[in-house]
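J.: Dumping the structure here so I can ask a few things about it.
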DNA sequence: CATTTGACTTGTG
DNA sequence: CCACAAGCCAAAT
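Numbering (the working numbering), first residue to last: 4 to 106.
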């Protein structure tokens, strides 16, 4: 069965361990789709509600959440990560510590 | 087939 | 650190 790019990306995201995060660019690269960071965001946007995919473990290359700081989605994502002990400093994650790039 | 769009990234000032 | 520009590329229109 030929996996669609969307499925590859979801699979990669599903493999991100709790307490870690990954960036759009990194996820795309790990899915074998370099330079498709934007596509990652697009696919996540299509993610069905209630999906088991840990979409919140994906942030941008700046170590920040790609949503307006005031938005509900931003706060929800930040909370979910903090619960997994991902530390935020000035609304930013230290990727040197929390970025996941494989096993 | 041309254009727009987007949960991005990197460089510059 | 913030703003803006350019680069990038698959999907949707």
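Where a beta carbon is used, it is the ideal one built from N, C-alpha and C, also for glycine. Quick caveat: nothing in here was measured; it's all calculated off a predicted structure.
In chain order, what residues of the same chain have a beta carbon less than 8 Å from the beta carbon of residue 88, not counting five sequence neighbours either side?
T.: For the purposes of this step, residue 88 is identified with residue 85 of the first chain, where counting begins at 1. Correct list, in chain order: 22.
J.: Pick helix, strand or coil for residue 92, following the three-state DSSP scheme.
T.: On the first chain, position 89 is the one that residue 92 refers to. Correct three-state label for residue 92: strand.
J.: Are residue 15 and residue 60 touching if we call contact CB-CB under 8 Å?
T.: As a first step, residue 15 is located in the first chain; it is residue number 12 there, counting from the start. As a first step, residue 60 is located in the first chain; it is residue number 57 there, counting from the start. No, the pair does not count as a contact, with Cβ atoms beyond the cut-off.
J.: Could you give the DSSP three-state label for residue 19: helix, strand or coil?
T.: By 1-based counting over the first chain, the position of residue 19 is 16. Here residue 19 sits in coil by DSSP.
J.: Could you give the first and the last residue of the continuous alpha helix (DSSP H) run that contains residue 80?
T.: Along the first chain, one-based indexing puts residue 80 at 77. Here the alpha helix (DSSP H) through residue 80 covers 75-86.
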